[in-house]
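Chains as they are written, first to last, in this note's numbering: chain L, 1 to 212; chain P, 213 to 424.
Note that beta-carbon positions come from the ideal geometry of N, C-alpha and C, so glycine has one too.
Bear in mind that the values here come from a model prediction, so they are computed numbers and not experimental data.
Just below is one structure, and these are the notes that go with it.
2 protein chains.
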Amino acid sequence: MKRIPEASIHRLNLYLRTLKELAKNSEDVTVSSKQLAEELGINSHQVRKDLSYFGKFGQRGIGYRTKELADDINKILGLNKKWKICLCGLGNLGSALISYRGFRKEGLNVVAVFEKDKDKIGKTINGIDVFSVERMNRVIREKNIEIGIIAVPADAAKSVASQLIDAGIKAILNFAPIKLSYPQEKVRIRNVDLSIELVNLAQFLANISKKS
Amino acid sequence: MKRIPEASIHRLNLYLRTLKELAKNSEDVTVSSKQLAEELGINSHQVRKDLSYFGKFGQRGIGYRTKELADDINKILGLNKKWKICLCGLGNLGSALISYRGFRKEGLNVVAVFEKDKDKIGKTINGIDVFSVERMNRVIREKNIEIGIIAVPADAAKSVASQLIDAGIKAILNFAPIKLSYPQEKVRIRNVDLSIELVNLAQFLANISKKS
DNA sequence: TTGTGTGAAACTTTTCACAGCC
DNA sequence: GGCTGTGAAAAGTTTCACACAA
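As structure tokens, then:
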């Protein structure tokens, strides 16, 4: 099998989301690469090429069966397994994330929240238990949690990350505005920077005003 | 001048941030492409190549002057202008964003917040006035606001976007989990999806467990 | 006629190799 | 010896063109 472009895999995520929405909102059973492409602002060749890396999913003259293609992509991406996730920090950002539409979707279920504030510990939010930070190691091991989300202030992020890693977590999504990196190959860390997109926009505006 | 890769421009943002941090934390006046690359987990050729598209900034045998290079990149990216920003929605996500470190940084100043909840209107948060949604058009025009951040629930996002566009906003950063797109070339829209990164992590985990 | 699947071409981006300067 | 700047090669990605099927 040939090497598959990284970018193609990322686009599969987008296709999957679009397909799920189409399956819900539209009565059409099938969808063409052109429709799918238009939804995402790309061209149809790209859609077909991306899919062709993994097999033949469509029917000539007709298109793809929406529901079936969604299932196939789910399998390709390995999203048929449900991952257990914990959220660290229940401040504004943490609260926003826990109620974010899409975090409860297939394959992504938050099963524990860790928080320092004693007023919040012991309660539940969206049906999920809020534990004290001290119990992190135990709870993660007991529940077999695999992914941790860090939504604590920047100065606490490093210590929380260490605790997560000690508890054997496999991947971390970090929202704190600080770069986390560990030499270990044990854990995969992704840093999300909410301000970088804003900077990109500012830069885009700067450039169009230069040109005109 | 040759075409400059989109990716290079995005990396300049990262270089800038790293340089600013180095300027603060380290006593060294200079930095080499290798150091810079290591901070970001890329290779030094890339750093030098990216910079070379815009000119010669370093000194052979020595490296780059940290502070000066930061200033140069600032100019290249057009970030020496300060953009005026408004935030729509002061729920959990909006509150998280307004206090996010980095949103107050150079070039990015939020000057107004719009919110539906009457209890919040008329107050200030971080010194920024909270206005009723009805006054959006007027306030944006009066203050010459150029960028809007949408942090309202998905079902309100489209209407808020239309209002922003009517008021003459130039760019929108959308955090609502719904794809916004307008045919007009008048406004640049970027959709941020907080769940896509989590899906990517899940998929990464799925793939390493497949291989082992 | 509509729409997939795919090799080949075109284009973009990254990596390499090394001349040149401190 | 250390480090930049850059043309050229390699690698990666997107677009094109068209055979083929419903």
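Exercise. Check whether the Cβ of L/Glu115 lies closer than 9 Å to any Cβ atom in chain P.
Key: no
Practice problem: Output yes or no for whether 9 Å exceeds the beta carbon distance between P/Gly290 and L/Ala96. | Solution: no
Quiz item: With a Cβ-Cβ cutoff of 9 Å, do L/Tyr100 and P/Leu406 count as a contact?
Solution: yes
Quiz item: What residues from chain L crowd round P/Leu248, counting only those whose CB sits closer than 8 Å?
Solution: Result: empty, since nearest Cβ-Cβ is about 13 Å, beyond 8 Å.
Quiz item: Count the other CB atoms within 10 Å of the CB of L/Arg3; is the residue buried (16 or more) or exposed (fewer)?
Solution: exposed
Self-check item: Outcome for L/Gly89 when other beta-carbon atoms lying within 10 angstroms are tallied against a minimum of 16
Solution: buried
Self-check item: Cα-Cα separation between P/Arg353 and P/Leu305, rounded to whole angstroms
Solution: 25 Å
Quiz item: How big is the Cα-Cα spacing for P/Pro389 and P/Ala369?
Solution: 9 Å
Quiz item: What does L/Gly107 touch in chain P if you count any residue whose Cβ is under 8 Å from its own?
Solution: Val411 and Ala414
Practice problem: Using a Cβ-Cβ cut-off of 9 Å, state whether P/Gly270 counts as contacting chain L. | Solution: no
Quiz item: Of all the CB atoms in chain P, is at least one closer than 9 Å to the CB of L/Phe103?
Solution: yes
Self-check item: The alpha helix (DSSP H) enclosing P/Lys232, as first and last residue numbers
Solution: Glu218 to Asn237
Quiz item: So what's P/Val325 in DSSP terms, helix, strand or just coil?
Solution: strand
Practice problem: For P/Asn255, I'd like the list of residues in its chain whose CB is within less than 7 Å of its CB, leaving aside the five on either flank, ordered along the chain. | Solution: Ala249
Self-check item: Below-9 Å beta-carbon distance, L/Ser195 vs any chain P residue
Solution: yes
Quiz item: At what residues does the beta strand (DSSP E) containing L/Asn174 begin and finish?
Solution: Ala171 to Asn174
Quiz item: Are the C-beta of P/Asn338 and some C-beta of chain L separated by less than 9 Å?
Solution: no
Practice problem: Taking 9 Å as the cut-off, decide whether the C-beta atoms of P/Leu376 and L/Val199 are in contact. | Solution: no
Quiz item: Buried or exposed: P/Arg316, going by 16 or more other Cβ atoms within 10 Å of its Cβ?
Solution: exposed
Quiz item: Mind checking L/Asn174: buried by the 16 CB within 10 Å criterion, or exposed?
Solution: buried
Practice problem: Leaving aside the five residues before and after L/Ala112 along the sequence, list all residues of the same chain whose C-beta is less than 7 Å from its C-beta, in chain order. | Solution: Cys86, Ile128, Asp129, Phe131, Val139, Lys143 and Ile145
Exercise. Using a Cβ cut-off of 7 Å, pull out every chain P residue sitting near L/Ala171, in sequence order please.
Key: Leu413, Phe416 and Leu417
Quiz item: Who pairs with P/Asp405 in a beta bridge, going by DSSP?
Solution: Paired residues: none, contrary to the question.
Quiz prompt | Short CB-CB distance (under 9 Å) between L/Pro177 and chain P | solution = yes
Practice problem: Assess, as a yes-or-no matter, whether the segment 61 to 74 of chain L is touched by the segment 16 to 33 of chain L under the definition of 3 or more beta carbon pairs within less than 8 Å. | Solution: yes
Exercise. Kindly list, in the order they appear in chain P, the residues whose Cβ is closer than 9 Å to that of L/Ala70.
Key: Correct list: empty, because the minimum Cβ distance to chain P is about 14 Å.
Exercise. Flag P/Leu376 as yes if its beta-carbon sits less than 9 Å from any beta-carbon of chain L, otherwise no.
Key: no
Exercise. Could you give the DSSP three-state label for P/Ser424: helix, strand or coil?
Key: Confidence at P/Ser424 is low in this model, with a pLDDT of 37, below 50, so its placement is unreliable and the value that follows should be read with caution. DSSP places P/Ser424 in coil when its eight states are reduced to three.
Quiz item: Counting contacts by CB-CB distance shorter than 9 Å, is P/Asn304 in contact with chain L?
Solution: yes
Quiz prompt | Residues near L/Glu39 in its chain [Cβ-Cβ closer than 7 Å; skip 5 each side] | solution = Thr18
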